[in-house]
Structures are given as C-alpha cells and as structure tokens.
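Residue numbers (my numbering): 2 to 393.
Everything below concerns the one structure shown next.
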Amino acid sequence: MKRIFLFPTIIFILLLAYAFNDVMSSRQAGFRDASREEVYSYLQAIILLLAGYSIFKLKKEIVGTFLSTIMWLIMLWGGLVNIVLMYDQWIATVHFSLTVWWLATYYFFYSYVSRNPAAEKYLKILFTIMFCFYLWANIFARRNILETFNIEYAVTGYAYHLVIFVPFFFLIKPVWFRAILVTVTTLIVFSSYKRGPIVILPLMLLIHQLTATFANKRWLSFTVKTILIVSFIIGIFTYVDEKSERFLSSRFSTEELEFGSGRDILREQSMGIIAARSFFDLLVGTGSGSSIHFLGTGVHNEWLEFLFNFGIIGVLLFGLFCIGVLRRYVALLREGSHYASSYGMMMVFLFAVSIFSGFYFTHWSFYFFAFMGFVEALISLEQNKQESVNKI
2 MKRIFLFPTI
12 IFILLLAYAF
22 NDVMSSRQAG
32 FRDASREEVY
42 SYLQAIILLL
52 AGYSIFKLKK
62 EIVGTFLSTI
72 MWLIMLWGGL
82 VNIVLMYDQW
92 IATVHFSLTV
102 WWLATYYFFY
112 SYVSRNPAAE
122 KYLKILFTIM
132 FCFYLWANIF
142 ARRNILETFN
152 IEYAVTGYAY
162 HLVIFVPFFF
172 LIKPVWFRAI
182 LVTVTTLIVF
192 SSYKRGPIVI
202 LPLMLLIHQL
212 TATFANKRWL
222 SFTVKTILIV
232 SFIIGIFTYV
242 DEKSERFLSS
252 RFSTEELEFG
262 SGRDILREQS
272 MGIIAARSFF
282 DLLVGTGSGS
292 SIHFLGTGVH
302 NEWLEFLFNF
312 GIIGVLLFGL
322 FCIGVLRRYV
332 ALLREGSHYA
342 SSYGMMMVFL
352 FAVSIFSGFY
362 FTHWSFYFFA
372 FMGFVEALIS
382 LEQNKQESVN
392 KI
C-alpha cells in the first residue's frame, strides 16, 4: 500500500519546491530581477516524471477524449507556429513546455488514480497541503510588497492560486471541513483586493448550488441557499472593506474598472495591431511573445492572446477547448453525476479567467488539468463499479 504513494509524493515534493522558488523569485510577490533558474529546473523535473509515467502507465481511453485531442492540437499548432516564426525563442520554449505539462498532468492523474483507487484520499490530502502553501504565499507576498514598496495596501495575484482549489474542496468530506476551507479562501481572496478572483469565487459557489439543485429539483432550497451565499459574500466584502478603509470598494469604482488596470487600452491596442495584419499573419498569428513585444505586456485576455500569438486557427482551437469543457459539464449534469457541481465550478474558473487574465500559459493551470484528469478517473472508477454490480 505504501509503495503506491511514493510516486505522487515525489511529484508533490518537487511541486512544493518549485512553488516555493517561484514565489521567492516572482514579481507577484514583490521581487524584481530575481533568478528563476531553479524554478525552471524543478518544472523540467516535474514534466519529465509526469510524462514518463504517462508513457509507460497510460490508460489509453483518456487519449481518445475530446479534451485530449484539442490539447494535442493546441500543442502541435503552437509548436508549428513557433518553429516557422520563432518570434521569441525563450517564451516559445516555455509555452511549448507548458502545453506538454498539461497533457502529461491530465494523463497522469487519470492513469494513476485509475490504477490506484486507494490513493484518492491521499491525493486529496496532498492538494490540501498545496492549498495551505498558497495561503502562506498570499500572506507572504502581501507583507513583502508592503515592506518593499512602502504602500498601504497590496494587491496580490496569488488569490488565483487559492480560487482554483475550491472545486477540489467539494470532493472532500466531511462537510464542516469543506466549509472551513471555503470560508478561509473567501477571507484571503477578498483581502487580496484582486478583482478577478473576487468576482470568480462567488460565481463558482453559485454554479455549485445551481448544479446541485438541477439534480435534486429543490428550488426552494436553492433560493434559500443562494440568499445565504450572497449574504455571506456581502458580509465578507463589507468586513474587508471596512478594515481597509474602503480600499476594496474603491477597486470596483467606475473609474478603476475603466482605467485602473489598463486592460481597455491593451485590448484596443491589440485589436488595432491585429486588424492591420496581413491575411497570413491574421490566420496563423505572429508567435509566442509577440504580444509582449508590441504591447509591453500580455493582453490579459486569453482569447485575444491566442488570436495575437497563434492567429484565427489558434483562437478557434482554444474555443474548441472551452466548448469541450462545457460539453462535458452538460453531460455530467444530465447524468446526475455528483461530480457535476465541482466540474461546473472549474468550468466557471476557465471561462472567467480567460476573460480577465491569461489561462493556458499560466502556472496555476496545473491544478485545472490535474482536476480534470483526477475527476475523470473517479467517474470512470464509479462507472466500472456500477457495471460490476449490474452484472452480479
């Protein structure tokens, strides 16, 4: 029994080491010009181990899924565009490595859990440990930013790393422990003052409740629980807003929403550049890193980022990826699967984050693809168990 825990333990130790070094050299944590060599060394080790396991222990049925096919196409198309154009060699290498990482992660968690059902609880513990690490990372980043830049309030991007764990919480029992995790997450996310996660988290909780209600048809219960969720969110918002002397509410003022982040300007500039392209560049894009060169930063919208870097073909592939997630959620909803609500929350994360920020080439997406493989394995095990019972 202990031997089956060895490989995921190694993966998560490397993941923890990678995450720690990532925080200690990240701009999000208030550091500038820090070396990130160790970060990429750990990342390479993780990718190699996950890919190695997937090659030798792969459950072939996962390769035939719609998501798997689209992920392969995104990897191959992005790689082809960068081979032909190669705008920025380093960013192209990072982007290709991340597409390989997502495939290996998706395959690993499906294949490993399918082969070792007893490891389900252990993996949930490991995910909870990683959540606790990012709680620390958010608090550390806040302190470091405040001290380094001598400002009154720090906006911390690590809130995204917390929100993405919420779907995992709804796979955990008992319910009281889940409630504690959600409450802590809400407090830290709202006190991060990061608008994206603050908007996304309530949407995820509401889709969970809506999905559960669709299954049990208890609409009165849905209404009551929705009121409680909204009241809870308003209460947390009000509490954090008062403690921050209205800094939180100021982040949602009309002026801040329109001009504070600069996203509107970036989107206008990116659309202007894209509209002026030749047909070929419009179709295939200009390669990884080209948006950073022309705009000075990313577009902060995954749809425009794909269109900018990988053209119409790239954005269509990303659109198919999102449709694949939506289709799977609808299928689970119709089947009455108790995994549908967690899956729905992760779907909301994908759609919302892709509007507010980047998704496919951000490091927190590891937990998205881990969740996808993990849940598909649990669904498969449950179906196999039911089929065995029916045969008896």
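Glycine is no exception: its CB is placed at the ideal position from the N, C-alpha and C atoms.
Tell me whether residue i is buried or exposed, calling it buried when 16 or more other Cβ atoms sit within 10 Å of its Cβ.
i: V85; result: exposed
i: T187; result: buried
i: W365; result: buried
i: P203; result: buried
i: M373; result: buried
i: T224; result: exposed
i: K195; result: buried
i: V200; result: exposed
i: E336; result: exposed
i: P9; result: buried
i: R247; result: exposed
i: T149; result: exposed
i: G288; result: buried
i: D34; result: exposed
i: V176; result: exposed
i: M87; result: exposed
i: R252; result: buried
i: T106; result: buried
Identify whether residue i lies in helix, strand or coil by the three-state DSSP scheme.
i: M168; result: Looking at the sequence shown, residue 168 is not Met but Pro. Note: P168 maps to helix in three-state DSSP.
i: K58; result: helix
i: S381; result: helix
i: R28; result: helix
i: S36; result: coil
i: Y154; result: coil
i: I173; result: coil
i: R4; result: helix
i: R247; result: coil
i: K386; result: helix
i: T194; result: Per the sequence shown, the amino acid found at residue 194 is Tyr instead of Thr. Note: Y194 maps to coil in three-state DSSP.
Need the endpoints of the alpha helix (DSSP H) that residue i sits in, please.
i: Q270; result: 264 to 276
i: M76; result: 67 to 86
i: R143; result: 121 to 150
i: D282; result: 280 to 285
i: A18; result: 7 to 24
i: Y113; result: 90 to 116
i: N252; result: According to the sequence as given, residue 252 is Arg; it is not Asn. Looking at the DSSP string, R252 is not in any alpha helix (DSSP H), and its letter there is neither H nor E.
i: T187; result: 176 to 191
Hey, does residue i have any beta-carbon neighbour from chain B nearer than 8 Å?
i: R4; result: Absent here is chain B; the protein component of the structure consists of one chain.
Point to revise | alpha helix (DSSP H) runs wholly inside the segment 208 to 244, at least 4 long, in chain order | key: 220 to 244
Point to revise | Sequence ranges, alpha helix (DSSP H) only - wholly within the segment 288 to 371, length at least 4 | key: 291 to 296, 303 to 336, 341 to 357
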